[in-house]
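Peer 1:
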Ligand code: GP9
Ligand code: MN
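Residue numbers (full-length UniProt numbering): 223 to 646.
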């Protein structure tokens, strides 16, 4: 009821981080393209396998003058995997501790990015070369206010070679998605969900341009080949944006959705990284890349600790959209007020100085348990983490946004949306 909302609003208002003037509005009026990088972990960036870069294009983006690259950005997903990542970046709400909110909470009221931006004149679309019903997307996207959802039905003339286990291979997927993108009314807010770099990382050998790793653990060994393919596909998409003329007026946000190599593969990963995988190292491996490319913006490498929950306020502020009236659990990564604490769904957290893992507190530099002097601080962070998860769960489980409409926000009527047609 409204009392619950008061407590939640008090929290999210106190957590609000003022926009950074240097970036607020840097992408105002531009199109937005999210590239959802399936199973992409940060350790791939600048990693060399047998002396060869695995992801040369993404590596070059870390030094691009119009791109911000965040090297301390973490996934915060749980059982909902891809859908948890999407849920966080559209709403700045946490996914659920068990199952997927996409499946169990699709009928809730949301104030998601497509809806917020609709009020600013944006058209929204998702592209995904898999069945629309996977993760219940074709339902929850209506509650988010997505105008279009292009699923497998929208992709044509596919040969068996164009198909991966979870849908269209990234190269044909980007090629055809890019063509549809060019027909959308501008400005648009869109998300392209890749699939070919997905566990267990099978790929037709004819499509590979780098060898496998040689740990003897097949999914780890294959991981580099599908990552290389994805990197080439992303470069191809950037070229396509240039050629269509969209690049000059489009913000591109690339993010890894969750780990690709689970801790079941730590023996092989020790060989890959040439170090022991301690609890701290395992937490470090939950980093996923985040790139924000905005034409004309001054880029660089940003070491801020943050997570997927922080993406929405960051992106909205860059688009010149105020967020203070929205219920968002993340905070703008570029803000001076951004607090560097990343809460994981299992109750662990990381900060630059303290990692909380399985109810123990570690010093991330040494990998050892923290000194007593830091205990009070560690417990304070823990309480804060627990509290934000608790409030987010209360909101999602109670469907509490029904009772709160931000100033100037037009509520979404899901029955207004249907995704039958593959044409704009
Ligand atoms: C399926 C794809 C994969 O459509 O998004 O989902 P995941 O298995 O990574 O959660
Ligand atoms: Mn995924």
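Glycine is no exception: its CB is placed at the ideal position from the N, C-alpha and C atoms.
Nothing here was measured: the structure is a model prediction, and the numbers come from that model.
#1: What residues in its chain sit with their C-beta under 7 Å from that of residue 573, if we drop five residues either side in the sequence?
#2: Going by alpha carbons, who is nearest to residue 553 out of 493, 516 and 241?
#3: Is there a Cβ from chain D that is less than 7 Å from the Cβ of residue 239?
#4: Mind checking whether residue 614 and residue 315 have CB atoms under 7 Å apart?
#5: Drop a sphere of 10 angstroms on the beta-carbon of residue 591, count the other beta-carbons inside from all chains shown, and report buried for 16 or more, exposed for fewer.
#6: Buried or exposed for residue 609, please, with buried defined as at least 16 other CB atoms from any protein chain shown within 10 angstroms of its CB.
#7: Check whether the Cβ atoms of residue 510 and residue 297 lie closer than 7 Å to each other.
#8: In angstroms, rounded to a whole number, what distance separates the CA positions of residue 473 and residue 445?
#9: Is residue 385 helix, strand or coil when you go by DSSP?
#10: Compute the distance between the beta-carbons of residue 377 and residue 417, then report whether it is under 7 Å.
#11: Taking contact to mean at least 3 C-beta pairs separated by less than 8 Å, is the segment 299-318 in contact with the segment 277-291?
#12: Let's see if you can read the secondary structure: which residues bound the beta strand (DSSP E) around residue 602?
#13: Alpha carbon to alpha carbon, how far is residue 372 from residue 273?
#14: What residues in its chain sit with their C-beta under 7 Å from that of residue 269, if we drop five residues either side in the sequence?
#15: Once the 5 residues before and after residue 513 are set aside, which same chain residues still bring their CB inside 6 Å of it?
#16: So within the segment 393-481, which uninterrupted alpha helix (DSSP H) runs reach at least 4 residues, ignoring any that extend past its ends?
#17: In the DSSP assignment, what residue or residues form a beta bridge with residue 289?
#18: If we count Cβ pairs, one from each stretch, closer than 8 Å, do we get three or more for the segment 614-629 versus the segment 345-365?
#19: So the candidates are 612, 448, 569 and 586; which of them puts its Cα closest to the Cα of residue 263?
Peer 2: Taking the structure as given:
#1: Here the set comprises 527, 562, 563 and 603.
#2: Nearest option by C-alpha distance: 241.
#3: Among the chains of the structure shown, chain D does not appear; only one protein chain is present.
#4: A contact, by the Cβ cut-off of 7 Å.
#5: Label assigned to residue 591: exposed.
#6: By the neighbour-count criterion, in which 16 or more other beta carbons inside 10 Å mark a residue as buried, residue 609 falls on the exposed side.
#7: In this structure, residue 510 sits near residue 297, with a CB-CB distance shorter than 7 Å.
#8: Straight-line spacing of the CA atoms in residue 473 and residue 445 works out to 28 Å.
#9: Strand.
#10: No, they are not a contact pair.
#11: Verdict: no, contact absent.
#12: Careful: residue 602 lies outside any beta strand (DSSP E), inside the alpha helix (DSSP H) at 597-620.
#13: Answer to the nearest angstrom: the Cα atoms are 39 Å apart.
#14: Around residue 269, the same chain offers 276 as residues with beta carbons nearer than 7 Å, after the five sequence neighbours per side are excluded.
#15: Cβ-Cβ distances below 6 Å link residue 513 to 283, 289, 291 and 476 in the same chain, with the five nearest sequence neighbours on each side left out; the list follows chain order.
#16: As far as the segment 393-481 is concerned, its whole alpha helix (DSSP H) runs of at least 4 residues are 440-466.
#17: Bridge partners of residue 289: 515.
#18: Touching, no, given that fewer than three Cβ pairs across the two stretches are closer than 8 Å.
#19: Of the candidates 612, 448, 569 and 586, the one whose C-alpha sits nearest the C-alpha of residue 263 is 448.
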